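Structure record follows, encoded as structure tokens.
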Amino acid sequence: MALGLRCFRLVHPVFCNSFAALTRPVSEVTLKTVSGRQNDHGQYMASPAVPIRYFATKKAKAKGKGQFQTRVNLNAALVEDIISLEEVDEEMKSVIEALKDNFNKTVNIRTSPGSLDHITVVTADGKLALNQIGQISMKSPQLILVNMASFPECTAAAIKAIRESGMNLNPEVEGTLIRVPIPKVTREHREMLVKLAKQNTNKAKDSLRKVRSNAMNKLKKSKDKVSEDTIRLIEKQISQMADDTVAELDRHLAAKTKELLG
1 MALGLRCFRL VHPVFCNSFA ALTRPVSEVT LKTVSGRQND HGQYMASPAV
51 PIRYFATKKA KAKGKGQFQT RVNLNAALVE DIISLEEVDE EMKSVIEALK
101 DNFNKTVNIR TSPGSLDHIT VVTADGKLAL NQIGQISMKS PQLILVNMAS
151 FPECTAAAIK AIRESGMNLN PEVEGTLIRV PIPKVTREHR EMLVKLAKQN
201 TNKAKDSLRK VRSNAMNKLK KSKDKVSEDT IRLIEKQISQ MADDTVAELD
251 RHLAAKTKEL LG
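Heads up: the sequence shown at position 188 corresponds to 188 in full-length UniProt numbering, and the numbers run straight through without jumps.
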């Protein structure tokens, strides 16, 4: 018993030191020499941890598509002499705004007075929104009224604008009061609107590709003035901006689809 206890006391410090070295982060491990017989025990040394960059294969990239990826952020001042990323960003945002405007104008169920607000009426004073010259109200889910008492001379133009709005509406007039019957919304009609929304979104993506292509072509003209690495980074930045815009377009389509199908 006494002999075993004595052996444990001798072994315990060595065991603790070895365990601590194993559990300590590699970057903190330094040159260690075990006390005692240096000739019998070698020196233990571990190099500091070095960051390693892993390059994804095509297969791995495909598998990780849609997941978080490293993003590139460039200093605008670094590339302002080559291309204005701010202008490219604005052009891409305008594609999103155009799609949202298109959805509001042509892809809706027409169940609220606001669905007619965007209609443009050609008047003697120029093009004006219908809600600027007429008072729009909803009498029932199937009937919208447009009171043209304030601008009676624009009544005929307003009727024409409503008919040609692309919303499949057939207004009727009673003096200066325009009655706009709302067709019953069927499942087939909702599905048709969803299909139209997808077509409009695809057109928006085509417009986005043109913006991206124009930016890339402009960038190629500077290849003789700027290093290839810088050009490559800017190309990646533009691609990221385009990818973000595509994701935003898809989000608007998903929201519109949910709104239409209920």
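Note that beta-carbon positions come from the ideal geometry of N, C-alpha and C, so glycine has one too. Owing to the predicted nature of the structure, the values given are computational and were not obtained by experimental measurement.
Residue 138 has 144 as its beta-bridge partners, per DSSP.
Annotation for residue 219: 82, 83, 231, 234, 235, 238 place their beta carbon closer than 8 angstroms to its own, counting only its chain and skipping 5 residues before and after. 9 angstroms or more divides the Cβ of residue 109 from the Cβ of residue 208. If you draw a straight line from the Cα of residue 228 to the Cα of residue 222, it comes to about 10 angstroms. Per the coordinates, the alpha-carbon of residue 212 lies some 45 angstroms from the alpha-carbon of residue 148. For residue 249 against residue 85, the beta-carbon gap comes to about 19 angstroms, at or over 8 angstroms, which does not count as contact. In the DSSP assignment, residue 211 falls within the alpha helix (DSSP H) that extends over 187 to 220.
The secondary-structure analysis by DSSP pairs residue 177 across a beta bridge with 147, 174. By the CB criterion at 9 angstroms, residue 205 and residue 173 fall outside the cutoff.
Apart from sequence neighbours up to five positions away, the residues of its chain that approach residue 201 with a beta-carbon distance below 6 angstroms are 249, 253, ordered along the chain. For residue 127, the enclosing beta strand (DSSP E) has its first and last residue at 126 to 129.
Within the region 220 to 259, no run of beta strand (DSSP E) reaches 3 residues while sitting entirely inside it. Within the DSSP secondary-structure output, residue 122 pairs in a beta bridge with 127. Residue 182 and residue 142 do touch by the CB rule: their CB atoms are close to 5 angstroms apart, below 8 angstroms.
Rounded to the nearest angstrom, the gap between the Cα atoms of residue 126 and residue 144 is 25 angstroms.
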